[in-house]
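Undergrad: One structure, as structure tokens, below. Some questions next.
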Amino acid sequence: MDLFEKRINNMGPLGSHAKEAHGYYTFPKLEGEISPNMNFRGSSKLVWSLNNYLGLANHPEVRKADTEATLEYGLAYPMGARMMSGNSTIHEQLESELAAFVSKEDCILINFGYQGILSAIDALVDRHDVIVYDAESHACIVDGVRLHQGKRFVYPHNNLENLEKQLQRATNLVNGTPGAILVITEGVFGMSGNQGSLKEIIELKKKYNFKLLVDDAHGFGTMGKTGAGTGEEQGCQDGIDLYFSTFAKSMASIGAFIGGNKTIIDYLRYNMRSQIYAKSLPMPLVIGAIKRLELLRTNPELKDNLWKIVNALQGGLRQAGFNIGTTQSPVTPVLLSGSVGEATHLTLDLRENYNIFCSIVMYPVVPKGIIMLRLIPTAVHSLEEVTRTIQAFKEIKVKLEAGQYNFQELASFN
Ligand SMILES: Cc1ncc(COP(=O)(O)O)c(C=O)c1O
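Residue numbers (the numbering used here): 3 to 416.
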């Protein structure tokens with residue numbers, strides 16, 4: 003059988019909608035300056051789907067730093083992997099600043115969050131070790147776990163009783179062997195907005211011997227008094243052995259880091275294959291990250307603005323009777339009932355008639371029969387935009403419940 007034919011005949015759960023969805027529901031193009039108002043297919047939309055939490059994406063100082071660094075260094079420097087020829091004082095400066103900000107001894111820069119965390123998991127465990135992880139973990143964690151050659155135990159999302167059972171199983175398994183235990187969770191879960199129960203997980207260290215890796219992609223910059231993340235928010239940053247965040251969200255860039263004790267970070271420096279065998283981050287990204295971190299640290303009003311919008315949006319939606327699940331962070335899911343067909347008709351109406359653009363999450367990402375509209379509030383949204391959005395949501399909910407979107411086929415946008 004021809005390999006490509008076999009693949010093309012089954013495009014996968016998302017790819018099977020590609021023909022009707024491409025360019026609108028999937029792969030849409032948001033154009034113009036990154037802001038709450040961007041162009042989509044020729045008209046301006048109020049956008050709620052960018053993780054530009056603090057509005058740093060096009061902050062004038064960020065733009066200036068990115069541009070000046072690009073003019074000075076271009077995109078090539080430094081060449082090669084950090085270990086061989088791609089290190090610089092400025093890379094090390096960013097690492098120390100990030101480490102200090104998240105209250106860790108040291109930190110390693112990584113090129114992309116996804117491959118970085120996958121590679122960190124790969125470097126941390128061998129076939130004797132056991133990974134215990136939350137069932138709602140991001141694909142990068144799941145894929146890291148897939149590389150693991152030893153046992154892996156998953157616990158239902160934030161279910162501490164079950165986590166303890168898995169820790170007992172894992173402990174029994176590794177006792178008397180060269181094995182050890184790694185627990186992995188997220189600080190803020192990107193779909194539900196729930197916080198991981200970090201404090202309670204860390205409490206379990208009193209009974210079980212394990213190390214804790216936390217992916218705080220959505221918590222960094224948004225949670226905690228200084229924006230240092232969900233560990234700071236819950237007062238348990240010390241108990242997180244490895245703290246990860248990407249630059250793809252609050253920092254509005256590319257890159258990521260892992261903070262921890264110096265010895266284990268040095269171990270990662272010399273053992274993470276994604277870093278040893280890949281070119282280091284180009285200078286403009288490093289200098290740009292230093293500027294973003296400075297703004298994040300010195301402008302608490304960015305986070306205050308974000309939370310003003312979060313509270314108005316989530317409070318308003320709840321008051322209007324919407325089910326926004328159990329979010330404890332800026333991530334705002336709106337859960338409705340309906341088929342995939344209804345979800346697309348509703349989204350089309352929202353985008354074309356209300357000029358509101360938010361991400362739509364459908365089966366298989368959420369269970370069949372659930373439509374999840376996912377809103378990401380940012381520091382640069384306005385209260386007027388919140389009010390407009392809640393009004394539009396009320397209207398589409400009435401239409402959905404009256405069966406006005408009830409078509410089996412996906413809505414056509416051409
Ligand atoms: C929870 C979580 N972890 C990791 C990543 C991956 O980060 P990156 O985009 O830097 O690869 C993302 C998405 O950006 C994420 O939401």
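No residue lacks a Cβ here, since even glycine has one placed at the ideal position from N, Cα and C.
1) Let me check you understand the geometry: is the CB of threonine 187 closer than 8 Å to at least one non-hydrogen atom of ligand 1?
2) Taking leucine 14 as the reference, which of Val367, Phe222, Tyr135 has the closest Cα?
3) Could you pull out every residue in the same chain whose Cβ sits closer than 7 Å to the Cβ of leucine 162, ignoring the five residues on either side in sequence?
4) My assumption, with CB atoms under 8 Å, is that glycine 323 sits in contact with isoleucine 392. Please give the rounded CB distance.
5) Pick helix, strand or coil for glycine 2, following the three-state DSSP scheme.
6) With distances taken Cα to Cα, identify the nearest neighbour of alanine 345 among Asp124, Cys360, Ser331, Glu234.
7) Please classify asparagine 53: is it buried, with 16 or more other beta-carbons within 10 angstroms of its beta-carbon, or exposed?
8) Going by the CB atoms, is the gap between leucine 412 and glycine 343 shorter than 9 Å?
9) Check this for me: beta carbons of serine 331 and glycine 195, under 9 Å apart or not?
10) Buried or exposed for arginine 84, going by 16 or more other Cβ atoms inside 10 Å?
11) Rounded to the nearest angstrom, what separates isoleucine 278 and serine 139 at their Cα positions?
12) Is there at least one non-hydrogen atom of ligand 1 closer than 8 Å to the beta-carbon of glycine 118?
13) What residues in its chain sit with their C-beta under 6 Å from that of glutamine 117, if we drop five residues either side in the sequence?
14) Could you name the residues of the same chain whose beta carbon sits closer than 6 Å to that of leucine 165, not counting the 5 residues immediately before and after it, in chain order?
15) Express the C-alpha separation of lysine 31 and glycine 257 in angstroms, rounding to a whole number.
16) Is the shortest distance between the beta-carbon of leucine 206 and the beta-carbons of chain D less than 9 Å?
17) So, methionine 225 versus valine 190, is the Cβ gap smaller than 9 Å?
18) Taking all protein chains shown into account, decide if methionine 81 is buried (16 or more other Cβ within 10 angstroms of its Cβ) or exposed.
19) Can you grab the Cα-Cα spacing for the pair isoleucine 204 / leucine 215, in whole Å?
20) Enumerate in chain order the residues of its own chain whose CB-to-CB distance from asparagine 273 is below 8 Å, with the five nearest sequence positions on each side excluded.
21) With distances taken from CA atoms, which of Asn301, Tyr269, Leu206, Ala20 is nearest lysine 167?
22) Once DSSP output is grouped into helix, strand and coil, what is the label at isoleucine 326?
23) Cβ of aspartate 131 within 9 Å of Cβ of alanine 182?
24) By how many angstroms is the C-alpha of alanine 23 removed from the C-alpha of isoleucine 123?
25) With respect to 8 Å, is the separation between the Cβ of aspartate 136 and the closest non-hydrogen atom of ligand 2 below this value?
26) Can you tell me which residues form a DSSP beta bridge with tyrosine 245?
27) Buried or exposed for phenylalanine 114, please, with buried defined as at least 16 other CB atoms from any protein chain shown within 10 angstroms of its CB.
28) Would you decide whether valine 333 is buried or exposed? Buried here means 16 or more other CB atoms lie within 10 Å of its CB.
29) Kindly examine ligand 1 and report whether one of its heavy atoms sits closer than 8 Å to the Cβ of cysteine 142.
30) Helix, strand or coil for valine 69, going by three-state DSSP, please let me know.
31) Evaluate the contact criterion for the segment 289-308 versus the segment 58-68: three or more CB pairs, one atom per stretch, below 8 Å.
32) Our contact map puts threonine 248 next to alanine 219 with C-beta atoms below 8 Å; I'd like the distance itself, whole angstroms only.
33) Tell me which same chain residues have a C-beta within less than 7 Å of the C-beta of aspartate 68, skipping the five on either side of it?
34) With DSSP run on the structure shown, which of helix, strand or coil describes arginine 390?
35) Could you tell me whether the Cβ atoms of isoleucine 112 and isoleucine 119 are closer together than 9 Å?
36) For ligand 1, is there a heavy atom less than 8 Å away from the beta-carbon of alanine 250?
TA: So, from the listed chains and residues:
1) In the sequence shown, counting from the first residue as 1, residue 187 sits at position 185. No, Cβ of threonine 187 sits at least 8 Å from all heavy atoms of ligand 1.
2) Counting from one through the sequence shown, the residue named residue 14 turns up at place 12. The sequence given here places glycine at residue 14; leucine does not occur at that position. Of Val367, Phe222, Tyr135, the residue nearest in Cα terms is Val367.
3) Position 160 of the sequence shown holds residue 162. Once the five neighbours on either side are set aside, the close Cβ partners of leucine 162 are Ser199, Glu202.
4) Walking along the sequence shown from the start, residue 323 turns up at place 321. Walking along the sequence shown from the start, residue 392 turns up at place 390. In fact, because the Cβ distance is near 11 Å, the residues do not count as touching under 8 Å.
5) Here the chain covers residues 3 to 416 and nothing more, so residue 2 does not appear.
6) Residue numbering aside, residue 345 sits at position 343 when the sequence shown is read from its first letter. Comparing Cα-Cα distances from alanine 345 to each of Asp124, Cys360, Ser331, Glu234, the minimum goes to Cys360.
7) Here residue 53 is taken as the residue at index 51 of the sequence shown, counted from 1. The residue is buried, with at least 16 neighbouring Cβ atoms inside 10 Å.
8) One-based indexing of the sequence shown puts residue 343 at position 341. One-based indexing of the sequence shown puts residue 412 at position 410. Yes. Within cutoff.
9) Indexing the sequence shown from 1 puts residue 331 at position 329. Indexing the sequence shown from 1 puts residue 195 at position 193. In this structure, glycine 195 lies closer than 9 Å to serine 331 by Cβ.
10) Position 82 of the sequence shown, counted from the first residue, corresponds to residue 84. The residue is buried, with at least 16 neighbouring Cβ atoms inside 10 Å.
11) Working through the sequence shown from its first residue, we reach residue 278 at position 276. Working through the sequence shown from its first residue, we reach residue 139 at position 137. If I take the Cα positions, the gap works out to 26 Å.
12) Mapped onto the sequence shown, residue 118 falls at position 116. Correct: glycine 118 has its Cβ closer than 8 Å to ligand 1.
13) For the purposes of this step, residue 117 is taken as the residue at position 115 of the sequence shown. Cβ within range, chain order: Ser276.
14) Here the question's residue 165 lines up with position 163 in the sequence shown. The answer, listed in chain order, is Tyr157.
15) The count along the sequence shown starts at 1 and reaches residue 257 at position 255. The count along the sequence shown starts at 1 and reaches residue 31 at position 29. Whole-angstrom Cα-Cα distance: 23 Å.
16) This model lacks chain D altogether; it includes just one protein chain.
17) Position 223 of the sequence shown, counted from the first residue, corresponds to residue 225. Position 188 of the sequence shown, counted from the first residue, corresponds to residue 190. Taking 9 Å as the Cβ cut-off, methionine 225 and valine 190 qualify as a contacting pair.
18) Here residue 81 refers to the residue found at position 79 of the sequence shown. Result: exposed.
19) Walking along the sequence shown from the start, residue 204 turns up at place 202. Walking along the sequence shown from the start, residue 215 turns up at place 213. Approximately 11 Å, taken between the alpha carbons.
20) Looking up residue 273 in the sequence shown gives position 271. Excluding positions up to five away in sequence, the list reads Ala125.
21) Position 165 of the sequence shown, counted from the start, is the residue given in the question as residue 167. Measuring from the Cα of lysine 167, the nearest candidate turns out to be Leu206.
22) Walking along the sequence shown from the start, residue 326 turns up at place 324. Isoleucine 326: coil per DSSP, three-state reduction.
23) Translated into positions along the sequence shown, residue 131 becomes position 129. Translated into positions along the sequence shown, residue 182 becomes position 180. Cβ atoms of aspartate 131 and alanine 182: closer than 9 Å.
24) The sequence position of residue 123 within the sequence shown is 121, counting from 1. The sequence position of residue 23 within the sequence shown is 21, counting from 1. Spanning the two alpha carbons is a distance of roughly 35 Å.
25) Here the bound small molecules are ligand 1; ligand 2 is not part of this structure.
26) In the sequence shown, counting from the first residue as 1, residue 245 sits at position 243. Val216, Gly261, per the DSSP bridge assignment.
27) Numbered from 1 along the sequence shown, position 112 holds the residue referred to as residue 114. So phenylalanine 114 counts as buried.
28) For this step, residue 333 is matched to residue 331 along the sequence shown. Buried, since its Cβ has 16 or more Cβ neighbours within 10 Å.
29) Your numbering for residue 142 matches position 140 in the sequence shown. True, at least one ligand heavy atom lies under 8 Å from that Cβ.
30) Here residue 69 corresponds to residue number 67 of the sequence shown, with the count starting at 1. One detail in the question is off: residue 69 reads as threonine in this sequence, not valine. Of the three classes helix, strand and coil, the one that applies to threonine 69 here is helix, per DSSP.
31) yes
32) Taking the first residue of the sequence shown as position 1, residue 248 is located at position 246. Taking the first residue of the sequence shown as position 1, residue 219 is located at position 217. With a Cβ gap of about 5 Å, threonine 248 and alanine 219 count as contacting.
33) Residue 68 sits at position 66 when you count from the first residue of the sequence shown. Same-chain partners within the cutoff: Pro286, Gly290.
34) Here residue 390 corresponds to residue number 388 of the sequence shown, with the count starting at 1. Helix, per DSSP.
35) Here residue 112 corresponds to residue number 110 of the sequence shown, with the count starting at 1. Here residue 119 corresponds to residue number 117 of the sequence shown, with the count starting at 1. Yes, the Cβ-Cβ distance between isoleucine 112 and isoleucine 119 is below 9 Å.
36) Here residue 250 corresponds to residue number 248 of the sequence shown, with the count starting at 1. Checking the Cβ of alanine 250 against ligand 1 gives yes.
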